[in-house]
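Numbering (my numbering), first residue to last: 13 to 307.
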């Protein structure tokens, strides 16, 4: 049960900003998000579930680590959704309904309050919040948020997908009319905001990336091929451009570079390119052998 009164919801006429997202185990990126938006967001709605989207039992990682976020607890609304086991629910049912559990954390919201809904690794720039307020106030509602795309490491910018289009912001009136999941994947948007933030996808190196694959609804990629360290490094360095962590990134990342470096979020102290060269050499040897056998 969520105690709305105890969380300090106000009855005044000021528009509140809610930042809402499902949470698996992305503790480091949650730190980035909370620090980036703390000054401009009234409440963070964090949604957890005892089951992964793929239906496996999981710890409540936020609950277990909440002391790390003591600075923000007064504005965090923690929602724990109900279990939705198989076969009554599919993987995609769980993903969709876990996102719709965000509504459980918005029971104290008013129609004109502003609601940001995204995944935890899809982070809005704090400088964009006032522009968002102005657009929503002028009835440009909802708004698709296009985020700069980074993959596997914070300093690897995706070359194939410049911006990621699934985050959005809307009035609470619009969110409850259509549902969080419908607005994410099925709504025909008229209004967009570009370079609205960052999507840091697949961070934390192979152990974290493999767990994300095992936990997600996209079980078609839950195979050994997608969970090998050399594959991840190869994809990161072939598909993504190495960039400098500078003032265009969230300040918390730049200020805590060593923290992220130690956790393999930065591509500079990871296994060197020789691992990829060895793999490619083995593939070439195998190919040459097959050609020789055909002759």
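Heads up, the beta-carbon is just placed ideally off N, CA and C, and yes, glycines get one too. If you're wondering where the values come from, they're calculated on a predicted model, not measured in any experiment.
*Between the CA atoms of residue 223 and residue 170 - distance to the nearest angstrom*: As a first step, residue 170 must be located in the chain shown, where it is residue number 158. As a first step, residue 223 must be located in the chain shown, where it is residue number 211. Spanning the two alpha carbons is a distance of roughly 22 Å.
Assuming residue 266 contacts residue 257 under a Cβ cut-off of 8 Å, what Cβ separation, rounded to an integer in Å, is found between them?
-> The residue labelled residue 266 in the question sits at position 254 within the chain shown. The residue labelled residue 257 in the question sits at position 245 within the chain shown. About 6 Å; that satisfies the 8 Å criterion.
Please list the segments of the alpha helix (DSSP H) lying wholly inside the segment 76 to 160, counting only runs of 4 or more residues, in order along the chain. 103 to 112, 141 to 149
inquiry  = For residue 201, count the other beta carbons within 10 Å of its own beta carbon; 16 or more makes it buried, fewer makes it exposed. Which is it?
reply    = For this step, residue 201 is matched to residue 189 along the chain shown. That one is exposed.
What residues in its chain sit with their C-beta under 8 Å from that of residue 77, if we drop five residues either side in the sequence? Taking the chain shown and counting its residues from 1, the one referred to as residue 77 is at position 65. Cβ neighbours of residue 77 beyond the five flanking positions: 39.
Let me know if residue 131 comes out buried or exposed under the rule of 16 or more other beta-carbons within 10 Å of its beta-carbon. Translated into positions along the chain shown, residue 131 becomes position 119. Flag for residue 131 reads buried.
_Taking only three categories from DSSP, how would you classify residue 257?_
Against the chain shown, residue 257 aligns to sequence position 245. Look at residue 257 here: in three-state DSSP terms it is coil, with no helix or strand label.
Q. Looking at C-alpha atoms only, which residue of 140, 109, 144 is the closest neighbour of residue 124?
A. Within the chain shown, the letter at position 112 stands for residue 124. With distances taken between Cα atoms, residue 124 lies closest to 144.
Contacts around residue 313, its chain only, beta-carbon distance under 6 Å, and the 5 residues preceding and following it disregarded:
One cannot answer for residue 313 here, as it falls past the ends of the chain, which runs 13 to 307.
| So which of 240, 261, 255, 126 has the shortest CA-CA distance to residue 280? | Position 268 of the chain shown holds residue 280. Of the listed residues, the one whose Cα sits closest to residue 280 is 255.
Check: Which first and last residues belong to the beta strand (DSSP E) in which residue 211 is found?
Finding: If you number the chain shown from 1, residue 211 lands on position 199. Element bounds for residue 211: 209 to 213.
Outcome for residue 43 when other beta-carbon atoms lying within 10 angstroms are tallied against a minimum of 16: Counting from one through the chain shown, the residue named residue 43 turns up at place 31. When all chains shown are included, residue 43 counts as buried.
task = Using the Cα positions of residue 96 and residue 67, report the straight-line distance between them to the nearest angstrom.
result = In the chain shown, the residue the question calls residue 96 occupies position 84. In the chain shown, the residue the question calls residue 67 occupies position 55. For residue 96 and residue 67, the distance between alpha carbons rounds to 8 Å.
What are the residues that DSSP puts in a beta bridge with residue 170?
Taking the first residue of the chain shown as position 1, residue 170 is located at position 158. Per DSSP, 252.
Residue 294 - DSSP class collapsed to helix/strand/coil:
Indexing the chain shown from 1 puts residue 294 at position 282. At residue 294, the pLDDT of 45 sits below 50, so the modelled position is not reliable and the matter cannot be decided from this model.
* DSSP three-state call for residue 227: helix, strand or coil? -> On the chain shown, position 215 is the one that residue 227 refers to. Residue 227: helix per DSSP, three-state reduction.
### Message
Closer than 8 Å is the cut-off here; do at least three beta carbon pairs connect the segment 80 to 87 with the segment 96 to 105?
### Response
no
Query - Opposing strand residues paired with residue 176 [DSSP bridges] - result: For the purposes of this step, residue 176 is identified with residue 164 of the chain shown, where counting begins at 1. Answer by DSSP bridge pairing, in chain order: 159.
For residue 47 and residue 232, what's the separation of their Cα atoms in angstroms? Taking the first residue of the chain shown as 1, we reach residue 47 at position 35. Taking the first residue of the chain shown as 1, we reach residue 232 at position 220. When rounded, the distance between both Cα atoms is 34 Å.
Simplified DSSP assignment, three categories, for residue 193
By 1-based counting over the chain shown, the position of residue 193 is 181. Note: residue 193 maps to helix in three-state DSSP.
Self-check item: Pairwise C-alpha distance: residue 278 and residue 268
Solution: Translated into positions along the chain shown, residue 268 becomes position 256. Translated into positions along the chain shown, residue 278 becomes position 266. Going by the C-alpha atoms only, they are around 11 Å apart.
Exercise for review: Go ahead and pull the three-state DSSP assignment for residue 285.
Suggested key: The count along the chain shown starts at 1 and reaches residue 285 at position 273. Unreliable positioning characterises residue 285 in this predicted model, as indicated by a pLDDT of 48, which lies under 50. A coordinate reading is not provided.
Quiz item: Under 8 Å between the Cβ atoms of residue 114 and residue 192?
Solution: What you label residue 114 is simply residue 102 of the chain shown in a count that begins at 1. What you label residue 192 is simply residue 180 of the chain shown in a count that begins at 1. A contact, by the Cβ cut-off of 8 Å.
**Request:** Please state whether DSSP places residue 62 in a helix, a strand or coil.
**Result:** In the chain shown, the residue the question calls residue 62 occupies position 50. Coil at residue 62, not helix or strand.
On the DSSP letters alone, give me the boundaries of the beta strand (DSSP E) that residue 33 sits inside. In the chain shown, residue 33 corresponds to position 21, counting from 1. It spans 29 to 34 - the beta strand (DSSP E) in which residue 33 sits, taken as one unbroken run.
When burial is assigned at 16 or more other CB atoms within 10 Å of the CB, is residue 45 buried or exposed?
-> By 1-based counting over the chain shown, the position of residue 45 is 33. Label assigned to residue 45: buried.
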